[in-house]
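Novice:
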Amino acid sequence: MANEIETKDEPTIVKEKNTDKAVEAGLARLTPQRIKSTINQVLQKETGPRFKAYVETCMHCGLCAEACLYFLSNDRDPAYSPAGKVKQTIWEMLEKKGEVSTDFLRRAVHIAQTECNVCKRCSMYCPFGIDVAYLMLMVRRICHKLEITPLYIQDTVNSHSATMNQMWVKEDEWIDTLQWQEEDAREEFENLRIPLDKMGADVMYSVIAPEPKFQAGLLYQAATIMHAAGVNWTMPSSPGWDNSNMAMFTGDNEISGRIARAFYETAARLKVKRIVMGECGHAFRSTYDVGNRWIGWAMPPFEVVHALEFYHELLTSGRITIAEKFKKTVTLHDPCNVSRGRGLHDMAREVTNMMCESFIEMTPNREHNFCCGAGGGVINCGPPYKGERMINNKVKAEQLKATGAEVLIAPCHNCHSGLEDIVHHYDLNMEVKFLGDLIYETMEKKIYKPGD
Amino acid sequence: MNAFIDFIMGPMVWVAFLIFILGLIFKMVLIIKDINARESYVYSYLTWKHSLRSIFAWMTPFLPQSTKQSPVFYSISYIFHLLLFIVPIFLMSHIVLINEAFQVSWVALDDGLADILTVIVILALVFFAIRRHMVPEVKYLTSYKDYLLLIIVALPFITGFLAYHQFFFYKAMVIAHVISGEIMLILIPFSRFSHMIVAPLTRAYMGSEFGNVRHAKDW
Amino acid sequence: MEENKSFDWSTDLKEVSVREWEDRFVWVEEPYVSPDGETIASIVNIEEGVFTVCENGETWDKEYDKAWNLRPLPDGKFAACVSSDEEWTLSISGNEWENWFDFIWNLQVNKDGSSIGLAVQKDMEYGMAVNDKPWDKMYDNINEMVLSNTGISAAVVQVLPMAQADIEIFKQGIFSCAVNGKPIEKKFLNIWDISFDSTDKNVAYGVRLDRVNYSIAVNDAVWDKKFQSVWKPVFLSGENSVVAPVKEGGKWVLYKDGQPFWKNQYNQIWKIAISQKSGNIAAIASDKFGKWTIAENDMVWNMTADQMISEFVYSKDGSTLVAVLKDKGFWTLAVNQKKWNLAADKVFNPCVSSDGKIVSVVIEKQGQYFLAVNNIVIPNGYDFMATPVISPDNTKILQKAVKDGVYQRLILSMDKIL
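Protein sequence lines, in the order shown, are assigned to chains S, A and C. FYI, the numbering for the first sequence is 1 to 452, going by our numbering. FYI, the numbering for the second sequence is 1 to 219, going by our numbering. FYI, the numbering for the third sequence is 1 to 418, going by our numbering.
Written out as structure tokens, the structure is:
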């Protein structure tokens, strides 16, 4: 394994790093002039007093290190500490006034795209509240403009730009998949519908593209939950149905904003009251916190409800009742983007306890939980980086193992995939589940009628 | 030479204080103007409530998780920052000077106590320097400039301590004390010492983003 | 609104009971009402896997395995996408097109109803079909379909094959704009927002030239200038000139034919509306972060909305501009700079009289539908309502509403409302 750590005192950064053909082809095309002008354009024209404050105020105290999954997983190698990553990227770009080499950029794109989940945990460990994630996203933006973004995540951004969904799902495939799930679900609920383009529905339900592409069963589950709860809901048949946004994680802010626009315009076209989204963290961050801002919405124009909050509402209002609680021991992973990103962690515990008999807390937790190691677009950089990712997730694996739980609940897609990888790699023998999986398993399969 | 010393001991003190205060004000104005011009969106998120909540949380010893995880560093850091203000402001000899100039005075520290506190400040700085050298993740971030900042802060305290005890070169020591104090004051607005006013701003913004937008704590 | 003249404006009330549909069918889907209000229709399920459409209680002669996308047509008929034996076609009141496809979607109808367009997929090839005539050439993928007023179809098509995750070929440009199935020569990384001019002879669209540069293309000519981003270009009425919001130096500005047009810069210029009559140009814009407004001929309205301005429309004579907006958590309208005091949970598409004197809209408040006319909400709540129609002489409003299982076509006298 590559994480044979060098001497403690003189840590080095020369560890073998993976790259991919998009990064390499991009680097080969670069000229010193383009590198310099791009870096300086981004750092001078696209930043402001925030950036200045973050760079000029950091006292190099190193306290952020303790926050970082990468630092802790790599035997406290300082090159993985948040400020260490800023030093290797932004500080040097500033010091050299943009005159950096392609070798430097190879390292920079690797750090920004695969060694940081932009999870913002370090902002909670910096006494000044310096937003290292923002700085890493700035590095990603530079890499985006230099066209050295890793292959697989760039392909998802290309897909977003052309189809407004992440996985090149064609428009007919999307509708066809919904109709197919609707038909299957009618085996269970006779009259179940996935109402398409129902103008004036109360709820627009939106998901990320991997659901129709690989996990259509989740659409089935969501449809049964909506149907049983008697929700007046709809799903759009047009682009704008996908709430994911990988462009936000490559620094392609223009495409990121376009995605957010398509999403909210779809909700506006359907005249819904609010938007409920599936169990995805980054999609929540995009629609609630990031994509909207590029457009000029200080806050989202529609109420955006993450699935876990919606489940909480359905369970506490009695629209969904639990037939029999789940027996196995469960633990809960707090996805960064809905705990640190929206404060839903206590609700997640209430939902879990309503469905499960035996809940074991994971530590640290809530706002302080460790990222799954997949988020922030890291897992989306794809297979070339998976081996490293597993090493970088060692602390997460230890944290999971310490719970001794049989089932790991992760109410987020990226977390789910990342944790599956960790469970497999570290042989943790845990089953990873969504909250929706558990609701579907434990709920009474009857249709809610007011007054029941 | 005497004229120079008179200048250093007299007008320069006021000049240093002016640069320090006006410099900070100027910096603040510049930051606010820059925000208005380039990042006015921050006002959509900043709230007094969440800003102050975060600032006070971080000023409360051992409330933030980070402080619990690094108790030694934070304890020393809290004490150091407090004494950095308390010692010079409540030092008898400083108060006497101010009283001579402005006929105002306030309660002073006992000289013996002040002496001990000065030593504590110096030791804290020594601790910071050793930590910079010994702890890998700090060392990794450290350049000569970081040591220079420590020295700049240390000098007024060391020289003050030596002058007070009149171990040697009393007069030269007093002059060195005044000069180093002036240097520190002048440098505050123009160096990373400006975290004195910038850190509350970054904290306020992060506190507001976390509290107001994301409904989460940031400590 | 000439077409409205033929509507029955003299019968005060016509009713259709829809409650009994619930008993006749396994389930009844959401209703649609014809423009003249004479017919209410729903897709209904007859038994497992058997669907048809019920119009005023009468079902279509044909039954299908699946049916969706029901839409009223201007002539009072209804169209739906239907499927039998895993093939799809369009059915208009039970009369199917001759062509069947592997999938169809995106049903579009032009204003007078003479053209009906669909996106179609057959054997994994994609195109459009208008009035039962599919494009001659089909493509690997299709997006951004549009149908013009005279029935010209256009879409973004993928003209080069792309292997999985091949970002090099993507970088070269694999998309073109196809009009009636014929691709315009030029290829781009992305194409969005196709617009026709009033003659339907020209198209304009937003393009991405490379990773960071965007521009506007008119037919096969790209503007010389490159931008940080662009939104939908629009032709000015009766000319070949095109205006488009473009992002330059971090700010949005309005360009015309590749040159700066409006003087002011905005945080956002979202969408353009043009009055065919007066030539006025309006934009949904944001002057200050987080605040939305309308800029008319580069003059900002004295009104802001803190959440969204979703739609806006000029009256036919150009005298009135009506915007649908959300402010402080509620939806309302703004008419010529003045906000209505609606505070609704939902506001549907407004109906504006030709002279702009009457604006009527359906709103929903706490689960009930209401009709609002010139800032007055008529207190009767309904379970459902379709878009109202204003009579050509401005004296009456045709209200289409369902309450307690009965559809009512109601002619309201404007005198009584106001």
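Glycine included, each C-beta is placed from N, C-alpha and C at the ideal position.
Mind checking who C/Cys81 pairs with in its DSSP beta bridge?
Specialist: Paired residues: C/Trp68, C/Leu90.
Novice: Beta-carbon separation of A/Ala154 and A/Ile122 under 8 angstroms?
Specialist: Contact flag set, yes.
Novice: If I'm right that S/Ala216 touches S/Thr177 with Cβ under 8 angstroms, what's the distance once you round it to whole angstroms?
Specialist: That pair is a contact at about 5 angstroms.
Novice: What three-state label does DSSP hand S/Glu444 in the structure shown?
Specialist: S/Glu444: coil per DSSP, three-state reduction.
Novice: Given that a residue counts as buried once 16 or more other Cβ atoms are within 10 Å of its Cβ, and exposed if not, what is S/Leu419?
Specialist: Classification of S/Leu419: buried, given that the 10 Å Cβ count is 16 or more.
Novice: Nearer than 7 angstroms: is that true of the beta carbon of C/Asn143 relative to any heavy atom of the ligand GDP?
Specialist: The model on display carries no ligand, and the ligand GDP is accordingly not part of it.
Novice: Out of curiosity, what's the CA-to-CA distance linking C/Ala295 and C/Asn202?
Specialist: About 26 angstroms.
Novice: Taking CB distances under 8 angstroms as the criterion, tell me whether S/Arg342 reaches chain A.
Specialist: Closer than 8 angstroms to some Cβ of chain A, the Cβ of S/Arg342 qualifies, so yes.
Novice: Anything in chain A within Cβ reach of S/Asp289, meaning under 8 angstroms, just list it in chain order.
Specialist: Those within 8 angstroms of S/Asp289 in chain A are Val213, Arg214.
Novice: Determine the burial state of S/Gln221: buried for a count of at least 16 other Cβ atoms within 10 Å of its Cβ, exposed for fewer.
Specialist: Classification for S/Gln221: buried.
Novice: Output yes if chain A places a C-beta closer than 8 angstroms to the C-beta of C/Met1; else output no.
Specialist: With a pLDDT of only 47 at C/Met1, under the threshold of 50, the placement of this residue in the model should not be trusted; the figure read from the coordinates follows. Not an interface residue.
Novice: Checking the sheet assignment: what are the DSSP bridge partners for C/Lys339?
Specialist: C/Ala334.
Novice: Cutting at 6 angstroms between CB atoms, please list the residues of its own chain near C/Lys137, excluding the five before and the five after it.
Specialist: For C/Lys137, where only same-chain residues beyond five positions count, the Cβ hits under 6 angstroms are Gly181.
Novice: 8 angstroms is my cut-off, CB to CB: does S/Ser256 come that close to chain C?
Specialist: Answer no: the Cβ-Cβ gap between S/Ser256 and chain C never drops below 8 angstroms.
Novice: Is it buried or exposed for S/Asp103, if we count other Cβ within 10 angstroms and need 16 for buried?
Specialist: Classification of S/Asp103: exposed, given that the 10 Å Cβ count is below 16.
Novice: Roughly how many whole angstroms lie between the Cα atoms of C/Pro31 and S/Gln181?
Specialist: Cα to Cα, the separation comes out at about 23 angstroms.
Novice: Put C/Val16 into one of helix, strand or coil per three-state DSSP.
Specialist: In this structure, C/Val16 counts as strand in the three-state DSSP scheme.
Novice: Report buried or exposed for C/Met299, applying the criterion of at least 16 other Cβ atoms within 10 angstroms of its Cβ.
Specialist: It counts as exposed.
Novice: Would you verify that the beta carbon of S/Tyr54 is, or is not, closer than 8 angstroms to some beta carbon of chain C?
Specialist: So no, S/Tyr54 is outside the interface.
Novice: Is it true that the segment 192 to 201 of chain S meets the segment 283 to 301 of chain S, where meeting means three or more beta-carbon pairs spaced less than 8 angstroms apart?
Specialist: No contact exists between the segment 192 to 201 of chain S and the segment 283 to 301 of chain S.
Novice: Rounded to whole angstroms, what's the CA-CA distance from S/Ile255 to C/Trp270? Just pull it up for me.
Specialist: Taking the straight line joining both Cα atoms gives about 15 angstroms.
Novice: Counting only runs that start and end within the segment 261 to 314 of chain S, where is the beta strand (DSSP E) found for 3 or more residues in a row?
Specialist: For the segment 261 to 314 of chain S, whole beta strand (DSSP E) runs of length 3 or above, ordered along the chain, are 274 to 277, 303 to 306.
Novice: Taking Cβ positions only, does S/Ala65 come closer than 8 angstroms to chain A?
Specialist: Yes, because at least one Cβ of chain A sits closer than 8 angstroms to the Cβ of S/Ala65.
Novice: When DSSP builds the beta bridges, which residues end up paired with C/Arg208?
Specialist: Paired residue(s): C/Asn190, C/Tyr214.
Novice: Taking a contact to mean a Cβ-Cβ separation below 8 angstroms, would you say S/Pro210 touches A/Asp34 in this structure?
Specialist: Result no, Cβ atoms of S/Pro210 and A/Asp34 do not sit closer than 8 angstroms.
Novice: Closer than 9 angstroms between beta carbons: that is the criterion. Which residues of the segment 275 to 306 of chain C meet it against chain A?
Specialist: Listed in sequence order: Lys288, Phe289, Gly290.
Novice: Of the choices C/Lys365, C/Gly381, C/Pro388, C/Phe384, whose alpha-carbon is the least far from that of C/Val373?
Specialist: Out of C/Lys365, C/Gly381, C/Pro388, C/Phe384, C/Pro388 has the C-alpha closest to the C-alpha of C/Val373.
Novice: Under 8 angstroms by Cβ, that's how I've got S/Gly240 and S/Glu265 pegged, so tell me the actual separation to the nearest angstrom.
Specialist: At roughly 6 angstroms, the Cβ-Cβ gap stays under 8 angstroms, so S/Gly240 and S/Glu265 are in contact.
Novice: I want to see whether chain A comes within less than 8 angstroms of S/Ile295, judged by CB atoms only; does it?
Specialist: By this cut-off, S/Ile295 is not an interface position.
Novice: Tell me the DSSP secondary structure of S/Arg107 in three-state form.
Specialist: Note: S/Arg107 maps to helix in three-state DSSP.
Novice: So which residues of chain S does C/Arg208 contact, with C-beta pairs closer than 9 angstroms?
Specialist: Residues of chain S passing the Cβ test: Ser161, Glu254, Ile255.
Novice: Is the CB-CB distance between S/His160 and S/Ile259 below 8 angstroms?
Specialist: Cβ atoms of S/His160 and S/Ile259: closer than 8 angstroms.
Novice: Under 8 angstroms between C-beta atoms, does A/Met206 make it to chain S?
Specialist: Chain S, which has a Cβ nearer than 8 angstroms to the Cβ of A/Met206, makes this yes.
Novice: C/Leu254 bridges to which residues according to DSSP?
Specialist: Partner(s): C/Pro245.
Novice: Using C-beta distances below 6 angstroms, list every residue in its chain close to S/His345, excluding the 5 sequence neighbours before and after it, in chain order.
Specialist: Asp334, Ser339, Arg366, listed in sequence order.
Novice: Please report the Cβ distance between C/Ser115 and C/Gly151, rounded to the nearest whole angstrom; I am assuming they are in contact, meaning their Cβ atoms lie under 8 angstroms.
Specialist: Correct: roughly 3 angstroms between the Cβ atoms.
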